[in-house]
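Here the structure is laid out as structure tokens; the discussion comes afterwards.
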Amino acid sequence: MEEPGFRLSRREALKDLGALAGVASLGLVPAQTVTVRPRPASIVNVRDFGARGDGKTDDTVAFEKAIEAARSAGTAVFVPRASYLLTRTLALENISLTGPSPGAWCADTDVLPILLPQHRDSPCLVLKAGGGLQAMAVRYDWQGEPESGPPAVLVAGIGAYISQVKIMYPWDGIMADGVSNIGRLNVENVFIVAPRNIGLRVTGTWDVPTVRNVEVWNLGPVPRPFEKGVGFDLGKNDMLRLSDCFVFAMHTGYLLRDRIPGVAIEGGTWGALTGCSSDFCHVGIEVRGEHTVSVTGGCYWSHFWGMRVEGERARVRVTGAEIKSNGAPCVEVLRAEQVVVDGCSLLRPMETFSVPAVHLRGGYTTLSGCHLRSATEGIRIEAGVSSALIAGNTLQAARPVVHLAPAGAAVEMWGNLTLRHR
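Numbering follows this note's numbering, in which position 263 of the sequence shown is assigned residue number 280; successive positions increment by one, without gaps.
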């Protein structure tokens, strides 16, 4: 047992230790020896490799050296806010090129470092497996209207990540290379201004790609909107999750096709469009070929077709969307294994064009729980339709239904409410 005379309180013991160490000014804290060791750099800065960022000096070599140093160190490449002229493609594999956190949505303010590609025969950036691009802008200056060009960003490997990126005036914005598996692609918070050809092409994604909050705006020097241009070009995709995206003034907002010219990978999209929209396009959504897609919510306002479906094995389900068209139907089905339109608002208000709001020319279609308003025809059912179920809709049109299918055809209509046309 300890003798009471030798027992010290914690406070007394610490006080004695502090006195012995000569740290009376620290009260009861004992003296300690601290050894500071230099830490390895957590990020590589392109300025440390000679990048000027004045928009005039060729900074390509500095970027290449920084990328190689970051790859060796197992870290990322940091690009301070400035304008950097590039003359060759930069390849990123298992490494990220990142600017400072923008602190604002990059659409309306210039808060990002800007890459200025001068080469016209290859992409500005190639993202291979694990390549990343964050908080960066890419801006083209064509000095006249181009007839062709490379994509700003080419995706050529799995697990690529693109976030907080602004791409201005490209021929193509972000493109899959069409031969690689780019599964787990993740693209979010991207603003693409005036692409001449394609805003974003996603194909070859075996396993769950994600595209979120991407906007494609046809603004600036594109002289003839509607003649060409696709906002989102979708090919072979395995459970694509595309949400909260928007297209303005392109020929086609969302194009699904299982055969893309010049692309080796073929096949359809299996996936969902959630909360997406388009405005001022020639066609809102076009489905060509074998696709299985669910469209939930969103607004698709088009000068001509709101949605067109043509594919023997196409399966399209649209729920809770507003589809508005002017010179063509809101919904046109030419061929399909299944088209279901449920709980939607279908608007075709222009009297100038004598076309129906819903035009069924073939395939199998169910239209239910929708509100339809048309200045001319509401629903036109052609003789080539395989089956049509029109049930529980509100129809407000000069001619609510034009039924041209032969007697005995698999067409059912019941529970529809016809309102007075205004």
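For each residue, glycine too, the CB sits at the ideal point set by N, CA and C.
Bear in mind the structure is a predicted one, so any value in this text is a computation, not a measurement.
For L364, which residues does DSSP report across the bridge?
Here the question's residue 364 lines up with position 347 in the sequence shown. DSSP lists K341 and R390 as partners of L364.
If you reduce the DSSP assignment to three classes, tell me which class T77 lands in.
Here the question's residue 77 lines up with position 60 in the sequence shown. Helix.
Measuring straight from C-alpha to C-alpha, what distance separates D138 and T336?
On the sequence shown, residue 138 is found 121 positions in, with the first residue counted as 1. On the sequence shown, residue 336 is found 319 positions in, with the first residue counted as 1. Cα to Cα, D138 sits roughly 43 Å from T336.
What would DSSP say about V280, mapped onto helix, strand or coil?
The residue you call residue 280 lines up with position 263 of the sequence shown. V280: coil per DSSP, three-state reduction.
Using alpha carbons as the reference points, say which of L171, G148 and S165 lies closest to Y178.
Residue 178 sits at position 161 when you count from the first residue of the sequence shown. Residue G148 is the option with its Cα nearest to Y178.
Could you have a look at D359 and say whether DSSP puts it in helix, strand or coil?
Stepping through the sequence shown from its first residue, residue 359 is reached at position 342. D359 sits in a strand when the DSSP states are folded into three classes.
Alpha carbon to alpha carbon, how far is W122 from A152? Give it in angstroms, no decimals.
Working through the sequence shown from its first residue, we reach residue 152 at position 135. Working through the sequence shown from its first residue, we reach residue 122 at position 105. A152 and W122: Cα-Cα distance of roughly 10 Å.
Beta-carbon contacts of N111 that lie in its chain and below 6 Å, excluding the five residues immediately before and after:
As a position in the sequence shown, residue 111 is number 94, starting the count at 1. Beyond the five residues adjoining it in sequence on each side, N111 comes within less than 6 Å, by CB distance, of G147 in the same chain, given in chain order.
Given 8 Å, three or more beta-carbon pairs between the region 157-170 and the region 248-255:
Not touching, per the Cβ criterion.
DSSP three-state call for R397: helix, strand or coil?
For the purposes of this step, residue 397 is taken as the residue at position 380 of the sequence shown. Three-state DSSP puts R397 in a strand.
Do you know how far the Cα of E349 is from the Cα of R378?
As a first step, residue 378 must be located in the sequence shown, where it is residue number 361. As a first step, residue 349 must be located in the sequence shown, where it is residue number 332. Put simply, the backbone Cα of R378 is about 7 Å away from that of E349.
Leaving out five residues on either side along the sequence, give the residues of the same chain with a beta carbon under 6 Å from the beta carbon of I84.
As a first step, residue 84 is located in the sequence shown; it is residue number 67 there, counting from the start. Only V94 meet the Cβ criterion.
Residues near A36 in its chain [Cβ-Cβ closer than 6 Å; skip 5 each side]
For this step, residue 36 is matched to residue 19 along the sequence shown. For A36, the predicted structure reports a pLDDT of 42, less than 50, and the residue's modelled location is therefore unreliable. The matter cannot be settled from this model.
Please report the residue range of the beta strand (DSSP E) in which R332 lies.
For the purposes of this step, residue 332 is identified with residue 315 of the sequence shown, where counting begins at 1. Per DSSP, the continuous beta strand (DSSP E) segment holding R332 begins and ends at R332 to T336.
I'd like to check one pair, L132 with P119: are the Cβ atoms closer than 9 Å?
The residue you call residue 119 lines up with position 102 of the sequence shown. The residue you call residue 132 lines up with position 115 of the sequence shown. It is not a contact, given that the beta carbons lie outside the stated cut-off.
Which same chain residues end up closer than 6 Å to T227 when comparing Cβ atoms and leaving out the 5 residues on each side of it in sequence?
For the purposes of this step, residue 227 is identified with residue 210 of the sequence shown, where counting begins at 1. Excluding five sequence positions before and after T227, the CB atoms of its chain that fall closer than 6 Å to its own CB belong to N203 and R258, given in chain order.
Closer than 7 Å by C-beta to Q181: which residues in its own chain qualify, once you throw out the five before and the five after it? Chain order, please.
Here residue 181 refers to the residue found at position 164 of the sequence shown. Its chain contains P119, C123, Q151, A152 and N206 as the residues whose beta carbon lies nearer than 7 Å to that of Q181, once the 5 sequence neighbours on both sides are disregarded; these appear in chain order.
Express the C-alpha separation of V310 and A353 in angstroms, rounding to a whole number.
The count along the sequence shown starts at 1 and reaches residue 353 at position 336. The count along the sequence shown starts at 1 and reaches residue 310 at position 293. Roughly 12 Å separates the two Cα atoms.
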